[in-house]
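Asks: As numbered in UniProt numbering, residues 1 to 297 make up the sequence shown, in order.
One structure, pasted below without further comment.
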Amino acid sequence: MADTTLSSGTPETAEPEGTGEPGFFRVLLARRSVQVSLVVFLAIAILCLFASLVAPANPDAMSVRMRLQGPSAAHWFGTDAFGRDVLSRLLYAGRSSLSIGLSVAILSSLLGVAIGLTAGFFSRLDWPFSRMIDAMMAFPDILLALSLVAIFGGTLTNVVIALSIVYAPRVARIVRASTMVIREMPYVEAARALGTRTWRIMITHALRNIVSPILVQATFIFAYAMLAEAGLSFLGIGVDPETPTWGIMVNEGRQYLDTAIYLILFPGVAISLSVLTLQIVGDALRDALDPHLAKEA
Numbered sequence: 001m002a003d004t005t006l007s008s009g010t011p012e013t014a015e016p017e018g019t020g021e022p023g024f025f026r027v028l029l030a031r032r033s034v035q036v037s038l039v040v041f042l043a044i045a046i047l048c049l050f051a052s053l054v055a056p057a058n059p060d061a062m063s064v065r066m067r068l069q070g071p072s073a074a075h076w077f078g079t080d081a082f083g084r085d086v087l088s089r090l091l092y093a094g095r096s097s098l099s100i101g102l103s104v105a106i107l108s109s110l111l112g113v114a115i116g117l118t119a120g121f122f123s124r125l126d127w128p129f130s131r132m133i134d135a136m137m138a139f140p141d142i143l144l145a146l147s148l149v150a151i152f153g154g155t156l157t158n159v160v161i162a163l164s165i166v167y168a169p170r171v172a173r174i175v176r177a178s179t180m181v182i183r184e185m186p187y188v189e190a191a192r193a194l195g196t197r198t199w200r201i202m203i204t205h206a207l208r209n210i211v212s213p214i215l216v217q218a219t220f221i222f223a224y225a226m227l228a229e230a231g232l233s234f235l236g237i238g239v240d241p242e243t244p245t246w247g248i249m250v251n252e253g254r255q256y257l258d259t260a261i262y263l264i265l266f267p268g269v270a271i272s273l274s275v276l277t278l279q280i281v282g283d284a285l286r287d288a289l290d291p292h293l294a295k296e297a
C-alpha cells in the first residue's frame, strides 16, 4: 500500500481557503454607487478643509464693478451681489456647514448614548426618560430646531446645541432598546454576580455591543443636521450671516433668482451632493456592520 503521509510522518492536509465571510470593506464598497459617493463626499470635504489653499480669491473681497457677473474664466462660479467670488465663498462656507454637521453628529450621539444607557439600565429612570424622548420626537425636527434657535440665539455654537438636542432622541431610543436587551444577557448577570460596578458594565458590556448602530445613526444625523442648518439659514434664523454657510448663500441668492440663478444653484448642488452621498454611505455602513446583511453580500 502506498504511503499517504509526508516524510515527517504527519498526514498531508490542505490549507483552508478562508472562512467564506466577506470583510467589512468588501461589503461597504460592494456597490459602485457607494464608491462614487465616498469619493465625491471626501473630495468636497478636502476642498473645503483646504479652502485657504485652493480658493481662487478672498471670499470677503468686494467689488461693485464685478457684482452679479456670471460664470467666467476669471470667476468660475460667478460673483454675488457684492462682487465676491462665489466659488471661494462656497469653499469657505462648506467648512462651516460640514463642521456643523459633524459637531451635531458627535454631540447628539454623546447625549443620546448617555440618556439611552441610563434609561436602559435603571428602571426608575426609564419612564421619565422615555416620555421625554417620545415628547421630543413628536415635534417635527425643523419646528423644534426653530424654537430652540429662537431661544438660544443665532450663533454657530447655539445652532449646534439646538440641533444636537433635536437629534439626540434618535440615538437615545436606539441605545435604550439595545441596552434593555443586553442587560438581561447571561454575561451581564455574571458580571453583576461578581460585583462589577454598574457603570463598568454599561461601558464594557453594553456600549461595546451597540457601537455599530450608533455609528450608522451618527452618519444619518450628519446629513440631517446639514440639511436642517441650511433650512434654518434659508429662513433667516440660523447662523449669523457674517459666518457663511451654504444655507446662508442660498438665502442671499434667492432675491436674484430671475437674474442670477447660479447664486443658489451652486450652494444648492453642494448641499444636495453632501447629503445624498452621506445617506448612501450610511446605508452601506449599516449593511457592512450588520452580520446578517454582510453574509448575504
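We put the CB at the ideal spot given by N, CA and C, even for glycine.
Note that the structure is a prediction, hence the values are computed from the model and not measured.
For the ligand NAP, is there any heavy atom lying closer than 7 angstroms to the beta carbon of Val64?
Replies: Inclusion of the ligand NAP in the displayed structure is not the case, the ligand content being empty and no account of it being possible.
Asks: Can you tell me whether Arg26 is buried or exposed, with buried defined as 16 or more other CB within 10 angstroms of its CB?
Replies: Counting Cβ neighbours within 10 Å, Arg26 comes out exposed, since fewer than 16 surround it.
Asks: So, is Gln217 buried or exposed, given that buried needs 16 or more other C-beta atoms within 10 angstroms?
Replies: Classification of Gln217: buried, given that the 10 Å Cβ count is 16 or more.
Asks: With which residues is Asp85 paired in a DSSP beta bridge?
Replies: According to DSSP, which records beta bridges pairwise, Asp85 is partnered with Thr79.
Asks: My understanding is that Leu146 touches Leu232, with C-beta atoms under 8 angstroms, so please give their C-beta distance in whole angstroms.
Replies: Leu146 to Leu232, Cβ: 7 angstroms. Contact.
Asks: Ala230 and Leu90: beta carbons closer than 8 angstroms?
Replies: The answer is no: Cβ separation not under 8 angstroms.
Asks: First and last residue of the alpha helix (DSSP H) that includes Val275?
Replies: Where Val275 is concerned, the enclosing alpha helix (DSSP H) stretches over Tyr262 to Leu289.
Asks: If you draw a straight line from the alpha carbon of Gly282 to that of Thr219, how long is it in whole angstroms?
Replies: Near 6 angstroms, if we compare the C-alpha coordinates of Thr219 and Gly282.
Asks: Label Thr198 either buried or exposed according to how many other C-beta atoms from any shown protein chain fall within 10 Å of its C-beta, with 16 as the threshold for buried.
Replies: The residue in question, Thr198, is exposed, as its Cβ has fewer than 16 Cβ neighbours within 10 Å.
Asks: In three-state terms, what does DSSP make of Leu117?
Replies: Helix at Leu117.
Asks: In whole angstroms, what separates the C-alpha of Leu285 from that of Arg31?
Replies: Answer to the nearest angstrom: the Cα atoms are 12 angstroms apart.
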